[in-house]
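The sequence shown: position 295 = 294 (numbering that gives the first Met the number 0), numbered continuously. Here a beta-carbon is modelled for each residue, glycine too, at the ideal position from N, C-alpha and C. The structure displayed is predicted, hence computed values, not measured ones. Below is one structure, written out as C-alpha cells; comments come after it.
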Amino acid sequence: MSHLSTALSVAFLLAAFASPARAAVNVVTTTEGLAAVVREVGGDDVKVIALSRGVQDPHFVDANPSLAVKLRNADLLVDVGMDLEIGWLPPLVTQSRNAAIQPGGARRLTAGNFVSPMDLPTGPVDRSQGDIHPSGNPHFLTDPRRAVQVAAAIAGRLAEIDPGNAAHYRERLQAFQGKVAAAGKGWKERLAPFAGRSVITQHKTLTYLLDWSGLKAAGYMEPKQGVAPPPSHVASLVAVAKAAGVKGVLVENYYDRRPADQLRDLAGVKVIVIPGDVGGTKEASDWVSYVDVLVKALGQAVQ
Ligand SMILES: [Zn+2]
Numbered sequence: 000m001s002h003l004s005t006a007l008s009v010a011f012l013l014a015a016f017a018s019p020a021r022a023a024v025n026v027v028t029t030t031e032g033l034a035a036v037v038r039e040v041g042g043d044d045v046k047v048i049a050l051s052r053g054v055q056d057p058h059f060v061d062a063n064p065s066l067a068v069k070l071r072n073a074d075l076l077v078d079v080g081m082d083l084e085i086g087w088l089p090p091l092v093t094q095s096r097n098a099a100i101q102p103g104g105a106r107r108l109t110a111g112n113f114v115s116p117m118d119l120p121t122g123p124v125d126r127s128q129g130d131i132h133p134s135g136n137p138h139f140l141t142d143p144r145r146a147v148q149v150a151a152a153i154a155g156r157l158a159e160i161d162p163g164n165a166a167h168y169r170e171r172l173q174a175f176q177g178k179v180a181a182a183g184k185g186w187k188e189r190l191a192p193f194a195g196r197s198v199i200t201q202h203k204t205l206t207y208l209l210d211w212s213g214l215k216a217a218g219y220m221e222p223k224q225g226v227a228p229p230p231s232h233v234a235s236l237v238a239v240a241k242a243a244g245v246k247g248v249l250v251e252n253y254y255d256r257r258p259a260d261q262l263r264d265l266a267g268v269k270v271i272v273i274p275g276d277v278g279g280t281k282e283a284s285d286w287v288s289y290v291d292v293l294v295k296a297l298g299q300a301v302q
C-alpha cells in the first residue's frame, strides 16, 4: 500500500470516528394519528412506529406481547390518554420494563394532557355500564386547533430528548402549523355554507372536528359510547334524524355498518364510511390528508 492510500485510509477512519452515524430518536405511539404528527415534527431525526393500525378501533387493541417488545427500547412513548388506551396499554408498558415510559416518566408524553377535553361527564360515570369516555372525549386529534397543540408538545419534548436537533424540531413545528393553517382555511370555506347543519355519527369520534367546523351531531348510533346500537335505539334515531334534518350518517370503517344501513332504510339518510385514523384508508396517508377525507365526508353528509 502506498503512503498516499494509507494516509487516505487513515483520513477516512478519522472522519468516520469524528462524525459517527447519528442515532434517530426511537418514538413509539399508540395510534397512527399520533405517529403522523410525530413524523411532521420529527422528520428524519426520529424513527416512529405505532402500536395500533388506523383500521382498528383504538379503544380495543389486542395487547399482544410483541407490542411490549416494541416499547422496550423506546426513547419516547406518545399516547392519547383520557382513558382511550386504558384497556390495553398499561399491561404492555409494565411488560416492557422500560422505566422511563411509565406514566409520569421522563420519556412518556400523554397528548391529552396538553389539550382541553370536550364531553367531560357532569356526574359519576360507571365504566361497567359501557361508557368508554369517563375522562372526556379522547378523539381530539382531528381538531386543527388541538392537533397543533399536540404537535407543539411533541416538538418540545423531542428537543429536550435530542437537544442537538432542537432547531430542527422547532422549524418543522412551524412548517406543520403553516400546513394546518392553510388546509384549515380550505376546509372552513368548504363547510361554511352548511354551518349549523347536523349529522349523526356512530361514535363521538368527530365531536372536536364538528365543533371546529360549526356543524353539529344530532345523535349517535351508539346509545352509550362503546355500546353497539340495538334495534330499539336505531328506531329512536329516526325521529331524531327527521327533527334535525339529518341527511347523512358517518361510520368509521372498523364498525359494523348494518345498524346505520337500517337507519338509512328507515329515515332516508345517506351512510358515509370514513377512516377512523391516519392509515384507515389509502387516501388518509398523513394528518392533513386524513382530515381532508373527513371534511369531504362531512360535506357529503350535510347535503
Ligand atoms: Zn371513543
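When C-beta atoms of the stretch 83-100 are compared with those of the stretch 60-74, three or more pairs fall below 8 Å, so the two segments count as touching. Between T200 and L249, the C-beta gap is smaller than 8 Å, which places the two residues in contact. The stretch 128-140 and the stretch 222-230 touch, with no fewer than 3 CB-CB distances between them shorter than 8 Å. Excluding sequence positions up to five before and after L50, its CB lies within less than 6 Å of the CB of T29 and L66, all in the same chain and listed in chain order. The Cβ-Cβ distance between G135 and A110 does not fall below 8 Å. Secondary structure in the stretch 51-100: the alpha helix (DSSP H) runs of 4 residues or longer, each lying completely within the stretch, are 64-71 and 88-95 in chain order. By a beta-carbon distance limit of 8 Å, V24 does not contact I48. Their separation comes to about 12 Å.
The DSSP-derived three-state label of S197 is strand. Beyond the five residues adjoining it in sequence on each side, A146 comes within less than 6 Å, by CB distance, of L140 in the same chain, given in chain order. Membership of K178 in the alpha helix (DSSP H) is indicated by the continuous run A165 to L190. With distances taken between CA atoms, P57 lies nearest to L33 out of V45, L33, K46 and D118. Residue pairing by DSSP places R256 in no beta bridge whatsoever.
Using a cutoff of 7 Å, the CB of H232 does not count as near ligand 1, since none of the ligand's heavy atoms is closer than that.
Given a length threshold of 4 residues, each whole run of the alpha helix (DSSP H) inside the stretch 23-54 is given here in chain order: 31-41. Cβ-Cβ distances below 7 Å link G279 to G53, V54 and N252 in the same chain, with the five nearest sequence neighbours on each side left out; the list follows chain order. Around the Cβ of T206, a 10 Å sphere holds 16 or more other Cβ atoms; the residue is buried.
When distances are taken from the beta-carbon of K203 to the heavy atoms of ligand 1, the shortest one is below 7 Å. Set against 7 Å, the gap from the CB of Q224 to the closest heavy atom of ligand 1 is smaller. The closest heavy atom of ligand 1 lies 7 Å or more from the beta carbon of P228. The beta carbon of P137 sits closer than 7 Å to at least one heavy atom of ligand 1. Per the coordinates, the alpha-carbon of S212 lies some 23 Å from the alpha-carbon of L172. For I131, the Cβ falls inside the 7 Å cut-off from some heavy atom of ligand 1.
Using a 10 angstroms sphere on the CB of S197, the tally of other CB atoms reaches 16 or more, which defines it as buried.
Taking a C-beta distance under 8 Å as the contact criterion, V294 and K246 do not qualify as a contact pair.
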